[in-house]
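Student: Before I ask anything, here is the structure I am working with.
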Amino acid sequence: MIELISAERCTACNICVSACPTNVFEAVPGGLPRIARQDDCQTCFMCELYCPEDALYVVPIADRGATAEERDVAAQALMGSYRRDIGWGRGRQSTASADASFELLRRAH
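According to the numbering used here, the residues represented by the sequence shown are 1 to 109, in order.
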């Protein structure tokens, strides 16, 4: 579930608003987007994946009632960790070739 938008990192590009398939975010004129419908989050990571600033944190397994503090998330380098793990973004190496299904697909063709 989407837990936070970093006010320090976010540039208000609103890509997360556009990328979210369940309309969780709301654009705020002149400000940062806000998490408007958190309960609608399907934990698909699309917002975190498309955020060019690594300003979002999606909790893979959300504990209802628990909240993530930005300083803790930043200290653990969790902001944009999904995007980093799959190799999306400037200066990152794609990890797709390390996926076993990639090898199966290659052999099939």
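Beta carbons: idealized from backbone N, C-alpha and C, even for Gly. If you're wondering where the values come from, they're calculated on a predicted model, not measured in any experiment.
#1: Could you spell out the range, first to last residue, of the beta strand (DSSP E) harbouring Ile-5?
#2: Measure the beta-carbon distance from Asn-23 to Arg-37 and round it to whole angstroms, keeping in mind my assumption that it falls under 8 Å.
#3: If we count the other Cβ atoms within 10 Å of its Cβ and call it buried at 16 or more, is Ala-98 buried or exposed?
#4: Which whole-angstrom value is the C-beta distance of Cys-41 and Met-1, which I expect to be below 8 Å?
#5: Could you give the distance in angstroms between the alpha-carbon of Asp-85 and the alpha-carbon of Thr-11?
#6: When the Cα atoms are used, what is the spatial distance from Ser-18 to Met-46?
#7: What is the DSSP secondary structure of Val-28, counted as helix, strand or coil?
#8: Less than 9 Å between the C-beta atoms of Ala-75 and Arg-9, yes or no?
#9: Can you list, in chain order, the stretches of the alpha helix (DSSP H) that have 4 or more residues and sit fully within the region 12-58?
#10: Between which residues of its own chain and Tyr-50 is the CB-CB distance below 6 Å, once the five residues before and five after are set aside?
Tutor: The structure says:
#1: 2-5 is the span of the beta strand (DSSP E), which, as asked, contains Ile-5.
#2: Between Asn-23 and Arg-37 the beta-carbon gap is near 7 Å, inside 8 Å, which marks them as a contact.
#3: Ala-98 comes out exposed.
#4: Rounded to the nearest angstrom, the Cβ distance from Cys-41 to Met-1 is 5 Å, consistent with a contact under 8 Å.
#5: About 22 Å.
#6: Between Ser-18 and Met-46, the C-alpha separation is close to 10 Å.
#7: Note: Val-28 maps to coil in three-state DSSP.
#8: The answer is no: Cβ separation not under 9 Å.
#9: Counting whole runs of 4 or more residues, the region 12-58 contains the alpha helix (DSSP H) stretches 15-19 and 46-50.
#10: Non-local C-beta neighbours of Tyr-50 in its own chain, meaning closer than 6 Å and more than five positions away in sequence, comprise Ile-15 and Ala-19, ordered along the chain.
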